[in-house]
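Heads up, our numbering is the position in the sequence shown plus 368, with the first residue counted as 1. Each residue gets a CB set at the ideal place from its N, CA and C atoms; glycine is no exception. Predicted, not measured: the structure shown is a model, and the values here were computed from it.
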Amino acid sequence: MKGLRHSLSITGGLLVPLLLAACGKHAADAYGNFETTEVTVSSEVSGRLLRQDAREGDTLRAGQAVALVDTTPPALDLREASARLEAARAATRQSRARAAALEARLERARSEYARTQRLHADQAATIRQLEGARSDAKALADELRAAREQVTGSRKDAEALEAHIASLEDRLSRSHVTNPLTGTVLSRIAEPGEFVQPGQPLYRIASLDTLELRAYVGEPQLPGVRVGESAQVRIDVDGARRTLPGRVSWISPEAEFTPTRIQTRDERTDLVYAVKIRVSNEGGELKIGMPGEVEFLGPAAGSAVAAEGDDR
369 MKGLRHSLSI
379 TGGLLVPLLL
389 AACGKHAADA
399 YGNFETTEVT
409 VSSEVSGRLL
419 RQDAREGDTL
429 RAGQAVALVD
439 TTPPALDLRE
449 ASARLEAARA
459 ATRQSRARAA
469 ALEARLERAR
479 SEYARTQRLH
489 ADQAATIRQL
499 EGARSDAKAL
509 ADELRAAREQ
519 VTGSRKDAEA
529 LEAHIASLED
539 RLSRSHVTNP
549 LTGTVLSRIA
559 EPGEFVQPGQ
569 PLYRIASLDT
579 LELRAYVGEP
589 QLPGVRVGES
599 AQVRIDVDGA
609 RRTLPGRVSW
619 ISPEAEFTPT
629 RIQTRDERTD
639 LVYAVKIRVS
649 NEGGELKIGM
659 PGEVEFLGPA
669 AGSAVAAEGD
679 DR
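1. Pull the bridge partners of residue 557 from the DSSP assignment, please.
2. Assign residue 651 to one of two classes, buried (16 or more other C-beta atoms within 10 Å of its C-beta) or exposed (fewer than that).
3. Give every residue of the same chain whose Cβ lies closer than 6 Å to the Cβ of residue 518, excluding the five residues on either side of it in the sequence, and list them in chain order.
4. Which residues share a DSSP beta bridge with residue 648?
5. When you compare each of 416, 498, 584 and 409 to residue 428 by their alpha carbons, which one comes out closest?
6. I'd like to check one pair, residue 593 with residue 585: are the Cβ atoms closer than 9 Å?
7. Where do the N-terminal and C-terminal ends of the beta strand (DSSP E) with residue 546 fall, by residue?
8. Does the region 458-476 come within contact of the region 530-539, defined as at least 3 CB pairs closer than 8 Å?
9. Who are the near neighbours of residue 504 in its chain, counting only those whose CB is closer than 8 Å to its CB and skipping five residues on each side?
10. Given a cut-off of 9 Å, decide if residue 566 and residue 412 are closer than it, judged by their beta-carbon atoms.
11. Short of 7 Å in beta carbon distance, which residues of its chain neighbour residue 665, apart from the five on each side in sequence? Order them along the chain.
12. Between residue 574 and residue 407, is the Cβ-Cβ spacing less than 9 Å?
13. So, with DSSP's three-state summary, where would you put residue 413?
14. Go through its chain and collect everything with a Cβ distance to residue 497's Cβ below 8 Å, but skip five positions before and after it.
15. Please look up how many angstroms separate the CB atoms of residue 313 and residue 582, rounded, as I've assumed it's under 8 Å.
16. Please work out which residues of its chain come closer than 8 Å, Cβ to Cβ, to residue 595, disregarding the five sequence neighbours upstream and downstream, and give them in chain order.
17. Would you call the region 415-427 and the region 541-560 in contact, with 3 or more CB pairs under 8 Å?
18. Mapping DSSP to helix, strand and coil, what is residue 656?
19. Based on the DSSP output, what are the partners of residue 571 in its beta bridges?
20. Classify residue 420 as buried or exposed, calling it buried when 16 or more other Cβ atoms lie within 10 Å of its own Cβ.
21. How far does the alpha helix (DSSP H) with residue 484 in it extend, from its first residue to its last?
22. Please name the residue, chosen from 545, 454 and 648, that lies closest to residue 416 on a Cα-to-Cα basis.
23. What are the start and end residues of the beta strand (DSSP E) that includes residue 600?
24. Using beta-carbon positions only, say whether residue 526 and residue 460 come within less than 9 Å of one another.
25. Work out the CA separation of residue 557 and residue 604 for me, nearest whole Å.
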């Protein structure tokens, strides 16, 4: 979408990771919830929303036309501005032709004045003839100056109209809302018939091919967790435990005080670090906000951060 303005927000379900039950002989290193980057697609122009094809749950392609804001007002303005531009260009051509003709006449008048000056010096022309030749040359010079000013003025008018037309064409282009990425529509916000303003959200979309589990680890665990290391993520699907491969994609550079509803398995810790584990969602089993647990396959160690109220 041209000129389309995107507002990015992170959807992560609950702010506090939920505890999943430990399964088998492998203890979890951290618990969290799945999130993804959500894009809010907004209108870039004001007007009545004529079409809105984004529906919750739909999969949209990048570059797909999904909505249309009424183009009638700018289309009418564009037609009028185009007519005015043609008139300004015609006026410029006429002024240039007139200026060229005056330049030729002025050149002849100056030659005549110079010839009359020589004749007057030889007493072959009267003072009246001399003054007349000078007056003719001066009048033509004044006309030429005015004609050149008209050329400049009409050219500036044409340039201003060209800029106005470019703005209107851009406005018309931005009336057509194009989907920015291939993904799933999370929510439909505006409906056809509503009057929308620039920046008003139309729908929210996110790519669900890959999600990230956002978990918290305590300071004792942090040295053993590295970006790029492999991990195992476990989830519950229809009452069955699934294990999915993942990879640590981000570690917060700053510690934060333990959220009020977060505690370690054995004791509270003063500081925790947010960690993201990227997991492929090819099967579509992962959902935004869904809880999961992670086991780091590198040298990560330490107690898992769990939600308060864990009775395990």
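Let's see:
1. According to DSSP, which records beta bridges pairwise, residue 557 is partnered with nothing at all.
2. exposed
3. 463
4. Here residue 648 is bridged, per DSSP, to 578.
5. Per the C-alpha coordinates, the member of 416, 498, 584 and 409 positioned closest to residue 428 is 409.
6. yes
7. 544-546
8. no
9. 477, 480 and 481
10. Yes, these two residues count as a Cβ contact at 9 Å.
11. 597, 598, 599 and 600
12. yes
13. Residue state for residue 413 is assigned as coil, using DSSP reduced to three classes.
14. 484, 487 and 488
15. The displayed coordinates of the chain run from 369 to 680. Any statement about residue 313 would go beyond what the structure contains.
16. Here the set comprises 616, 617, 618 and 619.
17. yes
18. DSSP places residue 656 in coil when its eight states are reduced to three.
19. 409 and 556
20. buried
21. Counting along the chain, the alpha helix (DSSP H) containing residue 484 begins and ends at 440-489.
22. Of the listed residues, the one whose Cα sits closest to residue 416 is 545.
23. 598-605
24. yes
25. 31 Å
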